[in-house]
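Visitor: When the count follows this note's numbering, it moves up by one through the sequence shown with no breaks and lands on 226 for the last residue. Following this message is one structure expressed as structure tokens.
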Amino acid sequence: MKLLLVEDDEMLRNSMSEVLIKQHFVVEQAKDFFEAEEKISLYDYSLIILDLTLPGGDGLELLYKLKKIKKNTSVLIISARNAVDDKVKGLDLGADDYLAKPFHLAEFVARVKSIIRRNNRSGSDFLEAGNLKLFPNERVVYVNDVLLNLGKKEFDIISFFLERVGFVVSKESLAEAVWGDNIDQVDNFDFIYAQMKNVRKKLSEVKSTFVIKSIYGFGYKGVVE
2 MKLLLVEDDE MLRNSMSEVL IKQHFVVEQA KDFFEAEEKI SLYDYSLIIL DLTLPGGDGL
62 ELLYKLKKIK KNTSVLIISA RNAVDDKVKG LDLGADDYLA KPFHLAEFVA RVKSIIRRNN
122 RSGSDFLEAG NLKLFPNERV VYVNDVLLNL GKKEFDIISF FLERVGFVVS KESLAEAVWG
182 DNIDQVDNFD FIYAQMKNVR KKLSEVKSTF VIKSIYGFGY KGVVE
């Protein structure tokens with residue numbers, strides 16, 4: 002599950018990112034209005050954590066733009082602007098929650114998890130393709146009621162393709178979604194090939210009818226056979 006953390010204070014941003022990563026989230030960061038605006042326009046996130054006071058613009062303006070193009074994206078506002086007017090404006094624009102600074106990191110994580118739990122309850126309890134079922138809340142995958150023994154990234158890869166059945170995706174898109182935006186610092190994608198080999202082997206061993214195929218020159222595609 003990928004989150005975007007928009008916060009200009011580097012020390013706070015890194016502390017928040019660290020506690021979220023420990024909770025097994027993939028976290029991308031943006032330090033100002035323009036970087037956040039670019040990421041929001043290019044990528045999808047399960048939750049955006051948004052400071053209101055940003056270099057280059059106001060977080061409320063960013064929230065307004067976000068909700069015009071991706072109205073279902075969840076938003077947690079974090080801000081030292083604790084005025085009632087700011088809270089009301091943020092919630093009226095579509096934010097899910099508002100956390101005033103300063104705050105304890107434990108409360109911050111609890112708010113994030115609460116929003117995600119609400120989102121999960123509002124949708125399906127599982128993803129299904131062929132004889133494979135993935136339960137995002139429990140982070141488990143079954144094929145014909147057989148539980149797969151998966152590593153964290155292996156689970157994330159299967160989840161990624163289940164959300165895009167029938168669509169060709171590039172190695173770059175897969176890497177960005179599963180490993181985060183620091184992926185542009187790597188020299189090659191050998192680590193993806195290794196993970197994909199493991200995932201395919203585990204799916205094959207239990208005779209999954211959902212498979213991930215290589216599309217030469219393009220990337221991969223999840224299909225049901």
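A virtual CB, placed ideally from N, CA and C, is assigned to each residue, including glycine. Bear in mind the structure is a predicted one, so any value in this text is a computation, not a measurement.
#1: Counting along the chain, where does the beta strand (DSSP E) carrying residue 81 start and finish?
#2: I'd like the span of the alpha helix (DSSP H) that includes residue 20, first residue to last.
#3: Name the DSSP bridge partner or partners of residue 130?
#4: Considering only residues of the same chain and omitting the five flanking positions on each side of residue 91, which have a CB-CB separation below 6 Å?
#5: In the DSSP output, what is residue 221 paired with across the bridge?
#6: Run through DSSP, which three-state label would residue 37 get?
#7: Rounded to whole angstroms, what's the CA-CA distance from residue 141 to residue 86? Just pull it up for me.
#8: Using 10 angstroms around the beta-carbon of residue 89, count the other beta-carbons present and answer buried if the total reaches 16, otherwise exposed.
#9: Give a yes or no on whether the C-beta atoms belonging to residue 7 and residue 50 are separated by under 9 Å.
#10: Do residue 174 and residue 220 have their beta-carbon atoms positioned less than 9 Å apart in this structure?
#11: Thinking C-beta only, is residue 44 closer than 9 Å to residue 3?
#12: Would you list the residues sitting across from residue 3 in a DSSP beta bridge?
#13: Count the other C-beta atoms from every protein chain shown that fall within 10 angstroms of the C-beta of residue 30, then say buried if there are 16 or more, exposed otherwise.
#14: So, with DSSP's three-state summary, where would you put residue 57?
#15: Alpha carbon to alpha carbon, how far is residue 54 from residue 38? Give it in angstroms, no decimals.
#16: Is residue 113 near residue 132, with beta carbons less than 9 Å apart?
Guide: With the given structure in hand:
#1: Here residue 81 refers to the residue found at position 80 of the sequence shown. Per DSSP, residue 81 belongs to no beta strand (DSSP E) and is neither H nor E.
#2: Position 19 of the sequence shown, counted from the start, is the residue given in the question as residue 20. Run containing residue 20: 11–23, per the alpha helix (DSSP H) assignment.
#3: Position 129 of the sequence shown, counting from 1, holds the residue named residue 130. In DSSP, residue 130 forms a bridge with 133.
#4: Sequence index remark: in the sequence shown, residue 91 carries index 90 (1-based). 78, 99.
#5: Taking the first residue of the sequence shown as position 1, residue 221 is located at position 220. Per DSSP, the beta bridge partners of residue 221 are 170, 215.
#6: Numbered from its first residue, the sequence shown carries residue 37 at position 36. In the structure shown, residue 37 adopts helical secondary structure according to DSSP, grouped into three states.
#7: Numbered from 1 along the sequence shown, position 140 holds the residue referred to as residue 141. Numbered from 1 along the sequence shown, position 85 holds the residue referred to as residue 86. One C-alpha to the other measures close to 42 Å.
#8: Within the sequence shown, numbered from 1, the residue matching residue 89 stands at position 88. Exposed.
#9: For the purposes of this step, residue 7 is identified with residue 6 of the sequence shown, where counting begins at 1. For the purposes of this step, residue 50 is identified with residue 49 of the sequence shown, where counting begins at 1. For residue 7 and residue 50, yes; Cβs fall inside 9 Å.
#10: Walking along the sequence shown from the start, residue 220 turns up at place 219. Walking along the sequence shown from the start, residue 174 turns up at place 173. Yes.
#11: For the purposes of this step, residue 3 is taken as the residue at position 2 of the sequence shown. For the purposes of this step, residue 44 is taken as the residue at position 43 of the sequence shown. Against a cut-off of 9 Å, the Cβ pair of residue 44 and residue 3 comes out as a contact.
#12: Along the sequence shown, one-based indexing puts residue 3 at 2. Per DSSP, 27.
#13: The sequence position of residue 30 within the sequence shown is 29, counting from 1. By the neighbour-count rule (16 or more Cβ atoms within 10 Å), residue 30 is buried.
#14: Your numbering for residue 57 matches position 56 in the sequence shown. Shown here, residue 57 sits in coil according to DSSP, grouped into three states, outside any helix or strand.
#15: The residue labelled residue 38 in the question sits at position 37 within the sequence shown. The residue labelled residue 54 in the question sits at position 53 within the sequence shown. Using only the alpha carbons, I get a separation of about 14 Å.
#16: Position 112 of the sequence shown, counting from 1, holds the residue named residue 113. Position 131 of the sequence shown, counting from 1, holds the residue named residue 132. Not closer than 9 Å, so no.
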